[in-house]
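Numbering (the numbering used here), first residue to last: 25 to 412.
Where is the CB? At the ideal position from N, CA and C, for every residue including glycine.
This report concerns only the one structure given below.
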Amino acid sequence: MAGADKVLSQFTQTVKEEKKTSGKRLKVGIIGTGWIAEAHIQSYKNMPDVDVVAAADLIPGKAEAFMEEYGVSGVRFYPSHKEMLDNEELDAVSVCTYNRTHAECTIYALEKGVNVLLEKPMTVTLDEAVAIMKAEKKSGKVLSIGFQPRGDANMQYIKRIVESGALGKIYYIQTGGGRRRGIPNSTFIEDKTAGVGALGDIGCYSLDMVLNAIGYPKPLTVSGYLSNYFGTNPLYQRPDRFHTAEENAKRFNVDDFAAAFIRLEGDIILDFRIAWAMHLDTPGDTVILGTKGALRIPSTECWNGTIGGAMTLYSDVAGEQAEQVLPILEDHGPDLFDRKIRSFLDAVINHTPAPVPSSQILYNQAIIDGIAKSAKLGREVEIEIPEI
Ligand SMILES: NC(=O)c1ccc[n+]([C@@H]2O[C@H](COP(=O)([O-])OP(=O)(O)OC[C@H]3O[C@@H](n4cnc5c(N)ncnc54)[C@H](O)[C@@H]3O)[C@@H](O)[C@H]2O)c1
């Protein structure tokens, strides 16, 4: 299977975006031409009003080979985001770099007056997320964060259920999930590039699934735990093109498991755990407990775009305990990456708010940052979010 197919095969929707025209052609650049940039370029190619005119990558020749593979011509190439943004007049960029360079690329683009679609997780630290938001505010440009599962009909159904009031006042959420075996390699396993492991890679999606549903209340305190017993053990590592399993185990210096107990504004508890590897199929379903009802979302690889199975709504009906299995919604819309890119472009064209605003994802990042800090200190920490 070709690289890009591998990326896109994770998502269930296959129908392409309807061809819309805005009347304006947008000049787009891609910063970082690695794995996820494959999904971006394929979606940009589906957009009739986009010209991808520039690409940058730190690895010499990588961006050139990438554009050749995707049959995109007329692209100018640069050795980093800086040269690209200094020399191009762009309407928008996709920041598809590893996490450690998200902040510098995004801030530089915003300072140059360029709209940004930034891949998840927003950053590694809360301070970086705050710095990005300050640059965003100053620039007045659109910044959207790349959580494509937001476009999925079943994910949206979770939010609609909460908003319908069927659960009443929500007071407890358990979420997370993970994989029995599923440690990525490449740039994901080293602190100098990824900065954060399973917690940032897939944990950010689990957090977004529930926090978006309940309206992103502010996180207040967190008691977090991180470990990496699997990633650092050659038994659970895989070789890649450049490294043996032993070498990857030595390189591994991020988390492969995270757990946390988080207090949110509104007297809500969030109980969270995520794993790239563990001796268990799942640490449990996602559950949302409310005063009128509860929702069970079967343990889900929500980062792949949708829920893992039919949800169940528990409530009392006429004084009797009842369970209702909710339908899994069929979603025949465009591919999730096409939706993510189209919704970003439409916000740029129409000067409307970002589809996935930084003001929400700031709280997602604050939790990730809080878990890392708490794990290091071995105690609960208060989450302090500066004014932006
Ligand atoms: N939305 C999704 O479904 C999804 C899936 C996978 C990865 N991601 C995210 O996408 C990001 C990239 O992941 P990946 O797997 O493509 O990583 P990758 O390592 O394959 O690619 C990143 C590329 O960015 C380049 N780069 C880094 N800093 C740069 C800079 N300043 N200027 C130019 N190029 C630079 C690197 O040389 C590398 O080629 C990560 O943040 C990851 O979390 C998102």
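Query                                                                                                                 : Result
Cα-Cα separation between I194 and I185, rounded to whole angstroms                                                    : 12 Å
Where N257 falls: helix, strand or coil (DSSP)                                                                        : coil
CB of N123 within 8 Å of CB of G224, strictly                                                                         : yes
Range of the contiguous alpha helix (DSSP H) that encloses S367                                                       : 360-374
CA-to-CA distance, A378 to Y229, given in whole angstroms                                                             : 18 Å
Three CB pairs or more closer than 8 Å across the region 152-162 and the region 193-210                               : no
Helix, strand or coil at R174 [DSSP, three-state]                                                                     : helix
H267 Cβ short of 7 Å to ligand 3 heavy atom set                                                                       : This structure does not include ligand 3; its bound ligands are ligand 1.
Residues of its chain near S168, where Cβ-Cβ distance is below 6 Å and the 5 sequence neighbours each way are ignored : L141, F368, A378, P379, V380
Alpha-carbon spacing of S104 relative to V138, whole angstroms                                                        : 16 Å
Proximity of A78 and Y102 at Cβ, strictly below 8 Å                                                                   : yes
Segments assigned alpha helix (DSSP H), at least 4 residues, entirely inside the region 195-246                       : 222-225, 227-237
contact_flag[the region 392-407, the region 237-244] where n(CB pairs < 8 Å) is 3 or more                             : yes
Length of the line joining the Cα atoms of V166 and Q345                                                              : 47 Å
Three-pair Cβ contact test at 8 Å for the region 208-225 versus the region 107-126                                    : yes
Pairwise C-alpha distance: L360 and G333                                                                              : 18 Å
Reduced DSSP category for L294 - H, G, I as helix; E, B as strand; rest coil                                          : strand
Span of the beta strand (DSSP E) around D393                                                                          : Segment 382-401 is the alpha helix (DSSP H) holding D393; no beta strand (DSSP E) there.
CB contact flag (N388, M157, <8 Å)                                                                                    : no
Identity of the residue in M302, M91, E152, G53 nearest P410 by Cα                                                    : E152
Inside the region 36-96 only - beta strand (DSSP E) runs reaching at least 3 residues                                 : 50-55, 74-80
Nearest-angstrom Cα separation, counted from L114 out to L82                                                          : 19 Å
Per DSSP, cross-strand counterpart(s) of D340                                                                         : Q345
Backbone secondary structure at Y122 - three-state DSSP                                                               : coil
G290: CB within 7 Å of a non-hydrogen atom of ligand 1                                                                : no
Where R49 falls, given that 16 or more other Cβ within 10 Å makes a residue buried                                    : exposed
Opposing strand residues paired with S323 [DSSP bridges]                                                              : Looking at the DSSP assignment, S323 forms no beta bridge with any residue, so it has no partner.
C326 Cβ short of 7 Å to ligand 1 heavy atom set                                                                       : no
When I226, R297, E354 are compared against I286, the one with the closest alpha-carbon                                : R297
Test item: CB-CB of L353 and N178 under 8 Å                                                                           : yes
CA-to-CA distance, M91 to K364, given in whole angstroms                                                              : 21 Å
Residues sharing a beta bridge with I286, DSSP                                                                        : V246, L294
Cβ neighbour criterion (16 or more within 10 Å) applied to N252                                                       : buried
Beta-carbon proximity check, D362 vs N70, cutoff 8 Å                                                                  : yes
Check whether A399 and L250 have beta carbons under 8 Å apart                                                         : yes
Minimum C-alpha distance to G317 - residue among V341, T310, V52                                                      : V341
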